[in-house]
Structures are given as C-alpha cells and as structure tokens.
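Working notes for the structure below.
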Amino acid sequence: MGKLSSKDVLRSDQFSKDEITLILETARRYEAAVDAGEVLDVMKGKVLSTLFFEPSTRTRLSFETAMLRLGGGVITVAEARSSSAAKGESLHDTIKTVEGYADVIVLRHPQIGAAKEAAEATHRPVLNAGDGAGQHPTQSLLDLYTILKEQGKVDGLRIALTGDLKNGRTVHSLALLLSNYDVSFLFVAPDALKMPREIVEQVKAAGVDVAETDDLATAIREADVLYMTRIQKERFEDTAEYDRLKDAFILRRAMLSEAKSNFTIMHPLPRVNEIETDVDDHSGAAYFRQSANGVPIRMALLALVTGRA
Ligand code: NCD
Numbered sequence: 012m013g014k015l016s017s018k019d020v021l022r023s024d025q026f027s028k029d030e031i032t033l034i035l036e037t038a039r040r041y042e043a044a045v046d047a048g049e050v051l052d053v054m055k056g057k058v059l060s061t062l063f064f065e066p067s068t069r070t071r072l073s074f075e076t077a078m079l080r081l082g083g084g085v086i087t088v089a090e091a092r093s094s095s096a097a098k099g100e101s102l103h104d105t106i107k108t109v110e111g112y113a114d115v116i117v118l119r120h121p122q123i124g125a126a127k128e129a130a131e132a133t134h135r136p137v138l139n140a141g142d143g144a145g146q147h148p149t150q151s152l153l154d155l156y157t158i159l160k161e162q163g164k165v166d167g168l169r170i171a172l173t174g175d176l177k178n179g180r181t182v183h184s185l186a187l188l189l190s191n192y193d194v195s196f197l198f199v200a201p202d203a204l205k206m207p208r209e210i211v212e213q214v215k216a217a218g219v220d221v222a223e224t225d226d227l228a229t230a231i232r233e234a235d236v237l238y239m240t241r242i243q244k245e246r247f248e249d250t251a252e253y254d255r256l257k258d259a260f261i262l263r264r265a266m267l268s269e270a271k272s273n274f275t276i277m278h279p280l281p282r283v284n285e286i287e288t289d290v291d292d293h294s295g296a297a298y299f300r301q302s303a304n305g306v307p308i309r310m311a312l313l314a315l316v317t318g319r320a
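Under our numbering, the first residue of the sequence shown carries the number 12, and numbering increases by one thereafter.
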C-alpha cells in the first residue's frame, strides 16, 4: 500500500516533502498518459462523491473529470439546496449516508473545519475542496504544479500572494505548501485583508522569508510569480466594507512593463475585476493553464488515497 493510501486530504501542511513529490510525479505520469491518448482504468469500479455546499466550477468539474479520466464513476451534490442539508440534516449524517455509496468523498463547505469533521465521521478518504475561509489543499497542489511547469523550478523564486489574504483559502494553503521549498514571499494586501498572523508565523518558522506590503507595483517589479485573488465577497459581514476594498488591486496590462521577462501571473479563478482581460494574452498569464492542471493533480490524489496509483 502506498504512502497516502486511505489518507484524508484536509490541509496543505499535512504533507511531507516526499508525499508532495509523490503527488507531483503521479500527476505528471497521468497527464502524459492522457496527452498520449491512453484510456486509463485505474479507478475502475470505484465511485467518487462530490458534495459541494458552496458554488464551484473548476474544483468540482476537475475532480469529476479526473475520476472519469481514471475510469471511475461520479455521484454529485452540486448545491446544498438540492440535498437533505436543506432539510436540516447534519454534516455527520450526510457523510455517513454517502459513505454507503461512494469510495472517496470530496467536500466543499462554508464552515472552517467542515472537512475535518466529515473525515471524523467516516472511514472513507475525505478530500477538502475548500472549508470556508480555511484551507483549499488540492488547489495549492495544482498551484505548485503550475509554478513548476511555468517556471521550471520552485526553489529560488520570489512569490507574491495578492488580494484577500485574510479570507482567501487558496492563499492560506499555498503559503503553507510552498514553505516546503526555498522560496521568498511578498504578501500584498490592504491592511484589513492581511494574511492571518498564524500563517505568517508558521511560514517564518519554516525558515521562509516574508515581506508584507500594500503596493502591487512593488510586487510586479520584484516577483517571479504573481498570484492574484478575488476579494471574497461572501465572507464579508459588512457590504460597505466589501465595497471599500473590492477594487484594492486591479492588474492592468500596462503595469506589466516593469515585470521580469519570465513573469508568471496566476489566479485560482473565478476573477471578478482584479485582472483586466487584456492581460490574458500575455505569455505569462497562466490562470487558464492553471485551472487545467487541476485534472492531473486530482487524478493523482484520487488514485493515491484509494490505493490505486
Ligand atoms: C477558489 C475558492 O473556491 O476558494 N476557487 C477555486 O477553487 N478555484 C477561489 C475563489 O473563490 O476566489
């Protein structure tokens, strides 16, 4: 049985460096196989359940594509409204029910800690596809995979994480995951949306250099990779506060003249207005390649946690 067999994927800081390498290598192998037109049956006879109690396009569809590419089957709840959660069923009971149908469970939920709670309710592997403003570990793995593909390396890079660092779960997971590498960080956010202190402390404790600023221009000049994020409207209690911050950072094509020649621009998507569309045909604009990378990474994760890789 492999390293990650029967494991849950709840946080990006749960992985050893060896496990990260194994996931990346497995993803690379599957991506090459799919590109070569191979039809895979690694997950034949297995069923994935995707339970999405918050909106999603990429995460759910790429998990489902991953399972189908591996020859497995998928059952899905794409809306809390359409499940018994709307009738007041507890997460525990939903998960106990789904464990009777599926071999592996992917959960997105508005509450921090929901994936952990789900994992405690079942012996099936649970993969956290976003728990509120908490973590999004599978996204951070595809982000890392993207950086490797775009830049050819991770060590030595200066990486700017920009936008809603307080509420953005993708940047929480990515900062912690990249702390396994020899990178330096620039955290770019307005004061009200700064990276949570416990993540800054954890990153520093791992020996990674962190600078914080509210100046996007500095980030464009200094960074190798600029990771933009959406201001997370749904996490604001006060809409006036959201309105005050929603245009905090907008990346425009003209701003890129100061960037390094092999600059990489990433975004987990969806974007609202934080990257203007005239940036899209810049050679470093990697965000749609990034979303496609979700498929091989999620193929690797599904196969590894079910012991089929
Ligand atoms: C992100 C998410 O859901 O956290 N989207 C994604 O999974 N690709 C980012 C966001 O919603 O802003």
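The beta carbon of each residue, even a glycine, is placed where N, CA and C say it ideally should be.
Residue span of the beta strand (DSSP E) that contains residue i, given as start and end
i	result
G141	V137 to D142
H120	V115 to H120
I170	R169 to T173
I220	Looking at the sequence provided, one finds Asp at residue 220 rather than Ile. Note, D220: beta strand (DSSP E), D220 to T224.
V290	Where V290 is concerned, there is no enclosing beta strand (DSSP E), given that its DSSP letter is neither H nor E.
T181	First-last for T181: R180 to L189, but that is the alpha helix (DSSP H), not the beta strand (DSSP E).
T229	Note, T229: premise wrong, no beta strand (DSSP E); alpha helix (DSSP H) at L227 to E233.
G84	G84 to V88
F274	Note, F274: premise wrong, no beta strand (DSSP E); not H, not E.
Closer than 8 Å: residue i CB and nearest the ligand NCD heavy atom
i	result
P201	no
G124	no
T275	no
R22	no
L280	yes
R309	no
T173	no
S302	yes
E75	no
H120	no
T61	no
S151	no
S67	yes
T181	yes
Q162	no
T70	yes
H103	no
T240	yes
Residue i: first and last residue of the uninterrupted alpha helix (DSSP H) it sits in
i	result
S151	P148 to Q162
D104	L102 to V109
M337	Nothing in the structure corresponds to residue 337, since the chain is present only between 12 and 320.
Y41	K28 to D46
I123	Note, I123: premise wrong, no alpha helix (DSSP H); not H, not E.
I335	Look at the range of the chain in this structure, 12 to 320, and you will see that residue 335 is not part of it.
F299	Y298 to A303
Pairwise C-alpha distance: residue j and residue i
i	j	result
D235	Y192	15 Å
S60	R119	11 Å
D291	T275	12 Å
L148	D142	Per the sequence shown, the amino acid found at residue 148 is Pro instead of Leu. Answer to the nearest angstrom: the Cα atoms are 10 Å apart.
A113	L159	33 Å
S184	K215	15 Å
S258	T317	Note on identity: in this sequence residue 258 is Asp, with Ser being the wrong assignment. If I take the Cα positions, the gap works out to 43 Å.
D52	V306	16 Å
D166	D29	16 Å
I231	L262	9 Å
R48	Y41	The question names Arg, yet the displayed sequence has Gly at residue 48. About 11 Å.
T87	L62	6 Å
D46	L21	29 Å
S195	N178	21 Å
Q146	P66	16 Å
D104	V115	16 Å
L15	L315	6 Å
A171	V109	39 Å
Whole-number beta carbon distance between residue j and residue i, since they are thought to touch under 8 Å
i	j	result
A144	I106	Contact flag wrong, Cβ pair sits at about 21 Å.
A77	L313	6 Å
K205	L187	The pair is not a contact, with the Cβ atoms about 16 Å apart (cut-off 8 Å).
D225	A200	7 Å
V137	D19	5 Å
A91	R71	About 13 Å separates the two Cβ atoms, so there is no contact after all.
R135	L280	Their Cβ separation, rounded to whole angstroms, is 29 Å, which puts R135 and L280 out of contact at 8 Å.
A311	A43	Rounded, the Cβ-Cβ distance is 12 Å, inconsistent with contact.
L237	T173	6 Å
Min CB distance residue i to chain C below 9 Å
i	result
L138	Protein chains in the displayed structure number just one, and chain C is not present.
Discussion item. Any contact between the region 231–251 and the region 276–285? By contact I mean 3 or more CB pairs, one from each, below 8 Å.
Written reply: With the cut-off at 8 Å, the region 231–251 and the region 276–285 touch.
Discussion item. Can you confirm whether the region 257–271 touches the region 289–300 when touching is taken to mean that 3 or more C-beta pairs between the two stretches lie within less than 8 Å?
Written reply: Taking 8 Å as the limit for Cβ pairs, the verdict is that the region 257–271 does touch the region 289–300.
Practice prompt. Evaluate contact between the region 115–127 and the region 150–158, counting only Cβ atoms and requiring at least three cross-stretch pairs below 8 Å.
Written response: Proximity of the region 115–127 to the region 150–158 falls short of the contact definition, fewer than three beta-carbon pairs being nearer than 8 Å.
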